[in-house]
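Chemist: Chain order of the listed sequences is A and B. To get the working numbering, take the position in the first sequence, counting from 1, and add 3. To get the working numbering, take the position in the second sequence, counting from 1, and add 6.
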Amino acid sequence: MSQPSSIRVDLQLIADMVEPGGRALDVGCGDGALLAYLVDFKRVDARGMELSQAGVNACVANGLSVIQGDADTDLRDYPDSAFDYVILSQTLQATREPRAVLEQMLRVGKRAIVSFPNFAHWQVRLRLVFGGRMPETPSLPHKWYDTPNIHLCSIDDFRALCRDMKVTVERSIVLNRNSRPINLPPLLANLVGEQAVFMLRRD
Amino acid sequence: MFDDLTDAESKALAQCRHAILGTEQPMRLDCGVDLGPFRMAYQTYGTLNADKSNAVLICHPLTCDQFVAERHPVTGKEGWWESLVGPGKVLDPARYYIICVNVLGHCMGSTGPLARDPATGQPWSLRFPVVTVADMVRAQAALLDHLGIPDLFCVIGGSMGGMQVLEWAATYPRRVFSAVPIACASHHSAQNIAFHEVGRQAIMADPEWKGGDYRQHDTAPARGLAVARMTAHITYLSEQALQRKFGRALQNRDALGFGFDADFQVESYLRHQGSTFVDRFDANSYLYITRAMDYFDLAAAHGGVLANAFKGSPTRFCLMSFTSDWLFPTHESREVVHALNAAAANVSFVEIASDKGHDAFLLDEPEMFRTLSGFLQGAAGARGLRNGS
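Printed below as a string of structure tokens:
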């Protein structure tokens, strides 16, 4: 086997959470980078769902199993526990009903892996509090009027939702602006972390 | 049963292979009739490899036939899917053993209403049993048994061919490694049945049809069949395609003729489509094949739940639809995708932007070729099929 090709660091972290040989669904799989990695290097039976037709076509032309679909509406079609992992990377904040999407993910998958930008990052706070403007940061690059991110949350918000949903957080990794994992107490992590990756499981 | 061929059948059978099936045990059709013996005409390209793992079955649509990638014995035109099948193409005979079977009820060599009823020695005509898409697929499976081909690397087809692909995957999941249903649906819509009915009524309204016994009267309902073809042909195109191709351009004239000749190019085009069709297609066959499509309803055959048709399916699916196809619109493909997801099947789905309407699947659509090539590459890897083996 050849050496693993390089993928984005946050995708690599997600890939590392996936046990080899299982079944995974990547919701919002984009151009299929994570899917291809899971198939090629982890022998995972990996499927994808992607909103943009261009992304879907690119994936399928690369031999990946991907359909056009919407996290908000199309997870309902899958049976219970159809996958070992359902992955949602950098997409939760763009869904219409994040809580319902998480519920569907945990119904369809035995585990859910979710990554999202932290809206409580210090740069975001500074820009809003002192700049008086909607935050624009490397992980949130859009203007307020054209952002797809309609349900932003902080790391602590997400933890609170997990508690509320009675979902077990199996693992959580907070990343700094270079997408390197950082190990800090929760209060500080919520300030310094630019994004987070959570692995959840139903109780 | 096997003499008395039409000119077209003779030419077809001289240029392809055929097998006589159902001699020992007749085949039970959906309508309850036992059919046998019957003839299946088919064409092959490439060579079956030693472990019989490279067979690809192409299911042809309503008005195409087994001559996929060669000059047609009757029309002299190039094969209907030569853009896809051939040396260096996505389906390369150097790699795959490609089979295309003339469907049951058709008129290019397989048994249909043109043949004689072995029981009476009389031409079947309208006494031929009504066949279904499932019957067509059953007959293809019987042919593969006869040829000693246990399973298929891929079953692929568009339109009615796509219906056969879905039927194959539902009925013989263990024999279908990958399935590519293109521009099709799990059932024929009311609108599609309606258009077919117009075509059938045109044929039956032609006085030369003679209750279906036109061959005995040495005639043919050519005008009725031509009108049927003209109507159907419109449904294969799109408004944009018609506008782009013809607009309101006049045919060989500078001004309106104030009569009912083909003033407009679009009229002339349709008339040409109609008149050339009758040279290669049998009117009764047209009735039977359109009926088979109308009757197709995969969910109904599985307790009303489409997902049941694919429960536990090991097949890898790739569905494709086209944005301007109003005969089999994208939402109908998506319905199949939803059902496949509900059955946790391995499925890819691509909608391809094209303004060429339903016919897009027969035309040069690079996005379709790219998708198909990628999908087959992935499936071949999973099957352990080597390049060029």
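We treat Cβ as the ideally placed atom computed from N, Cα and C, and that holds for glycine.
1. Contact criterion: CB-CB distance below 8 Å. Does B/V353 meet it with respect to chain A?
2. Please report how far the alpha carbon of B/D303 lies from the alpha carbon of A/H154, in whole angstroms.
3. Suppose only complete runs of 3+ residues qualify. What are the beta strand (DSSP E) ranges in the stretch 102-152 of chain A, listed by chain order?
4. Which residue from B/V143, B/L149, B/A226 puts its Cα closest to that of B/G168?
5. Are the CB atoms of A/R50 and A/L28 nearer to each other than 8 Å?
6. Evaluate the contact criterion for the stretch 72-92 of chain B versus the stretch 42-56 of chain B: three or more CB pairs, one atom per stretch, below 8 Å.
7. Going along chain A in order, which residues have a C-beta closer than 8 Å to the C-beta of B/T377?
8. Hey, out of A/D19, A/V21, A/V42, whose CA is closest to B/G387's CA?
9. Looking only at its own chain, which residues have a Cβ that is under 7 Å from the Cβ of B/L35, when we skip the five neighbours before and after it?
10. Whose Cβ in chain B lies nearer than 7 Å to the Cβ of A/V69?
11. Between the C-alpha atoms of B/V311 and A/D80, what's the straight-line distance to the nearest angstrom?
12. Report the rounded CA-to-CA distance for B/T377 versus B/A147, giving the unit in angstroms.
13. Any Cβ of chain A within less than 8 Å of the Cβ of B/V109?
14. Once the 5 residues before and after B/F252 are set aside, which same chain residues still bring their CB inside 8 Å of it?
15. Drop a sphere of 10 angstroms on the beta-carbon of A/A18, count the other beta-carbons inside from all chains shown, and report buried for 16 or more, exposed for fewer.
16. Bridge partners for B/A61 per DSSP, in chain order?
17. Could you tell me whether the Cβ atoms of A/Q96 and A/N152 are closer together than 8 Å?
18. Spatial neighbours of A/M137 within its chain, please: C-beta separation below 6 Å, excluding the five flanking residues on both sides.
19. Between which residues of its own chain and A/G72 is the CB-CB distance below 6 Å, once the five residues before and five after are set aside?
20. Does the CB of A/Q107 have a neighbour CB from chain B at under 8 Å?
21. From the DSSP output, read off the bridge partner residues of B/P187.
22. Note down, in chain order, every chain A residue with its Cβ under 7 Å from the Cβ of B/E357.
23. Tell me whether the stretch 351-366 of chain B and the stretch 239-246 of chain B touch, counting them as touching only if at least three CB pairs, one residue from each stretch, are closer than 8 Å.
24. Can the beta-carbon of B/A306 be found closer than 8 Å to that of B/A345?
25. At 7 Å on the CB atoms, spell out the chain B contacts of A/D80, in chain order.
26. By the three-class DSSP mapping on this structure, what secondary structure does B/D212 have?
27. Going along chain B in order, which residues have a C-beta closer than 7 Å to the C-beta of A/A1?
Modeler: Well, looking at it:
1. yes
2. 42 Å
3. 112-120
4. B/V143
5. yes
6. yes
7. What B/T377 touches in chain A: N60, V63, A64.
8. A/V42
9. L41, P135, V137, D141
10. S354
11. 13 Å
12. So the alpha carbons of these two residues sit roughly 27 Å apart.
13. no
14. F270, Q271, V272, Y275
15. With 16 or more other Cβ atoms within 10 Å, it is buried.
16. B/Y103
17. With contacts defined as CB atoms closer than 8 Å, A/Q96 and A/N152 qualify as a contacting pair.
18. W147
19. M52
20. no
21. B/G163
22. Q56, Q71
23. yes
24. B/A306 is not a Cβ neighbour of B/A345, given a cutoff of 8 Å.
25. Residues of chain B passing the Cβ test: H344, N347, A348.
26. In the structure shown, B/D212 sits in coil (DSSP, three-state: anything other than H, G, I, E or B).
27. The structure shown does not extend to residue 1 of chain A, since chain A is modelled only from 4 to 206, so the question has no answer here.
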